[in-house]
Amino acid sequence: MSEADQEWKPSGRPTSTMAQAFSASLDSAFSLDSDVSHLSQTIDQKRQQMMIQNRELEELQQRIREAEERLKARESGAVEDNSKNTGQRDGESRPAGEIHSIYTSQGGRK
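Using full-length UniProt numbering, read the sequence shown as starting at 1 and increasing by one per residue.
Put into structure tokens, the structure is as follows:
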């Protein structure tokens with residue numbers, strides 16, 4: 001038996017040799033089998049590539065969130081250090097003359 005005969009299964013009604021030959025000719029002329037398998041392969045590759053890129057994107061987003069948290073922590077630490085040095089609470093502002101007098105009273109330039 002040939003390979004084509006092994007793959008062929010009756011559909012309930014008889015198929016002529018001429019119809020089988022015509023079907024094989026169409027398949028080979030339009031390369032339907034190879035196109036479908038090639039498209040299937042391409043789709044699988046693109047899905048895998050998308051999964052990898054999504055994983056990389058999630059990792060990058062996590063790194064960005066961590067960096068933003070560290071930045072916020074540094075900024076809040078800098079604000080607290082600044083307010084301790086000038087004796088003010090967060091959000092308060094002092095006139096320039098008052099800041100100068102505080103600076104010079106703490107040993108800064110005159």
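All C-beta atoms, glycine included, are put in the ideal place defined by N, C-alpha and C. Just so it is clear, the structure is predicted and the values come from calculations on it, not from any experiment.
Three-state secondary structure (DSSP) of residue i
i     : result
SER25 : helix
THR42 : helix
THR17 : helix
Cβ-based neighbour list, residue i, same chain, cut-off 6 Å, excluding 5 preceding and 5 following
i     : result
MET18 : none
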